[in-house]
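Colleague:
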DNA sequence: AGAAAAATGAACTGATGCGTTCAGTTCAGC
DNA sequence: GCTGAACTGAACGCATCAGTTCATTTTTCT
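Residue numbers (the UniProt record's numbering), protein chains in the order written: chain G, 1 to 207; chain F, 1 to 207.
1. Distance, Cα to Cα, residue 4(G) vs residue 188(G)?
2. In terms of alpha-carbon separation, which member of 94(G), 143(G) and 156(G) lies closest to residue 66(G)?
3. Can you list the residues of chain G that residue 112(F) reaches, using a CB-CB cut of under 9 Å?
4. Under 8 Å, do residue 130(F) and residue 165(G) count as touching if we go by C-beta distance?
5. Below 8 Å, how does it come out for the region 149 to 165 of chain G and the region 114 to 125 of chain G: are there three or more Cβ pairs, yes or no?
6. Could you check where the alpha helix (DSSP H) with residue 144(F) kicks off and where it finishes?
7. Run through chain G and tell me which residues come within less than 8 Å of residue 80(F), C-beta to C-beta.
8. Roughly how many angstroms lie between the CA atoms of residue 142(F) and residue 134(F), to the nearest whole one?
9. Run through DSSP, which three-state label would residue 52(F) get?
10. With residue 7(G) as the anchor, note down where its alpha helix (DSSP H) starts and where it stops.
11. At the 8 Å Cβ level, is residue 126(G) part of the contact set with chain F, yes or no?
12. If the cut is a Cβ gap below 9 Å, which residues of chain G does residue 99(F) touch?
13. Can you tell me whether residue 89(F) is helix, strand or coil according to DSSP?
14. For residue 166(F), return the contacting residues in chain G, with the cut-off set at a CB-CB distance below 9 Å.
15. Compare the C-alpha of residue 22(G) against each of 176(G), 53(G), 154(G) and 103(G) and name the closest.
16. Are there 16 or more other CB atoms within 10 angstroms of the CB of residue 37(G), so buried, or fewer, so exposed?
17. My output table needs one value for residue 175(G): the three-state DSSP class, helix, strand or coil.
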């Protein structure tokens, strides 16, 4: 029956994920993965072509998982503050999660070895949010709520404010992640600056 | 005489830099470095304790070199557009340079192995610029040119816009770097949004 | 020139790791 | 209960690599 084989495969992927994300590609050994699965090394090689294949599978799965955590809030054109805050919050929750940071670190470090995985990672978070945000800004622009000369540029600037300095420090290991208070403060400041910068007067934040 | 020994040391560091930044820590072998220096392996070990020591030395040197490329433009309080543009441009030139991107990739990937080097890298670019910018914004705030509730937050948002999405794509290998036109456009958009967002009316950009 | 310091190159140790092989065992399905 | 596919565990081949050793040569300093 294939249900047992399937379970083995899942078990291998789970162990491989743990070990690859913990030690990086070079630091992970196939023996360690087999031991952690737990599965014989021969079994491991009957499910996957080799180390690279297994790594790619793990990363793809993790990308998919991360993308699924994205909270796609409804965006009401009528209330830009709430809509932008919701988009920003979903983005921040995603990219500052421990899972995402770990994934980013591993992929960035191994980017010369696996150039195609960088694209997969980008498409599993930043890109969809960017598209979503651009579409929303386009709405705002068409409906004359905001004056946005270039929707793409503005969307990038907005997401940049959210990922900027703090995220880089997280990647460099200088920061664990963002606390709830930090997230709220960051999102609030970014939304505020963004809306004011685009001439949205009704920004009622008291800061 | 020690001038020859010094030259050997320089030669080793140069070769080590090339190879470490090209292949990463794990992908670089001491034999390859010795061969590229060119120097006998024993000589290599007479200059450095071991692989980790050599790596740390290389990274420190590279950090120092990068920091020295930073163009510290004079910041005139009277013309925020020019001053912010200058700061932004220096920052963008630094963090999007091929050398910096390579360094970031290697250090981020090896961050679990060398946690202290992350701090060194952050202090060799982002941090000094952040401090400089914060000081300048403080000036602007004190002189009532701009209303800035929290200088630190605003500075981070500004730098974030410059490093945001594009930089992440560079780290992930999805982009080579920034063209001159892209840099100008990015800096202009960020300065514009930032100043407008802080109620600076005389922003005369025609965008 | 001669002594001392440094560099060379080549071999060697010890360890790790990828991937394979194979004889024996387990287990689902008929 | 039998059959065949999947799994096991342990060993093996082969390669790479960090770091050491040492006899020989080159260079530097006195």
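Just so it is clear, CB atoms sit at the ideal spot from N, CA and C, and this is done for glycine as well. Treat the numbers as computed from the prediction; the structure is a model and nothing was measured.
Modeller: Reading off the structure:
1. Here residue 4(G) refers to the residue found at position 4 of the first chain. Here residue 188(G) refers to the residue found at position 188 of the first chain. For residue 4(G) and residue 188(G), the distance between alpha carbons rounds to 50 Å.
2. Within the first chain, the letter at position 66 stands for residue 66(G). Minimum Cα distance to residue 66(G) is reached at 94(G).
3. Your numbering for residue 112(F) matches position 112 in the second chain. Here the neighbours are 22, 23, 24, 27, 105 and 173.
4. Here residue 130(F) corresponds to residue number 130 of the second chain, with the count starting at 1. Here residue 165(G) corresponds to residue number 165 of the first chain, with the count starting at 1. In contact: residue 130(F) and residue 165(G) (Cβ atoms closer than 8 Å).
5. no
6. In the second chain, residue 144(F) corresponds to position 144, counting from 1. It is not in any alpha helix (DSSP H) - residue 144(F) carries neither H nor E in the DSSP assignment.
7. The residue you call residue 80(F) lines up with position 80 of the second chain. Under the 8 Å cutoff, chain G gives no residues; its nearest Cβ is about 14 Å from residue 80(F).
8. Numbered from its first residue, the second chain carries residue 142(F) at position 142. Numbered from its first residue, the second chain carries residue 134(F) at position 134. Cα to Cα, residue 142(F) sits roughly 12 Å from residue 134(F).
9. Residue numbering aside, residue 52(F) sits at position 52 when the second chain is read from its first letter. Three-state DSSP puts residue 52(F) in a helix.
10. Start at 1 with the first residue of the first chain, and residue 7(G) comes out as number 7. That run of the alpha helix (DSSP H) goes 2 to 27.
11. Counting from one through the first chain, the residue named residue 126(G) turns up at place 126. Interface residue, yes.
12. On the second chain, residue 99(F) is found 99 positions in, with the first residue counted as 1. Here the premise fails: no neighbours, minimum Cβ distance about 15 Å.
13. As a working note, residue 89(F) is residue 89 in the second chain. Looking at residue 89(F) - three-state DSSP - the assignment turns out to be helix.
14. Residue numbering aside, residue 166(F) sits at position 166 when the second chain is read from its first letter. Under the 9 Å cutoff, chain G gives 156 and 160.
15. Taking the first residue of the first chain as position 1, residue 22(G) is located at position 22. If we check each option's Cα against that of residue 22(G), 103(G) comes out closest.
16. Working through the first chain from its first residue, we reach residue 37(G) at position 37. So residue 37(G) ends up on the buried side.
17. Here residue 175(G) refers to the residue found at position 175 of the first chain. Coil.
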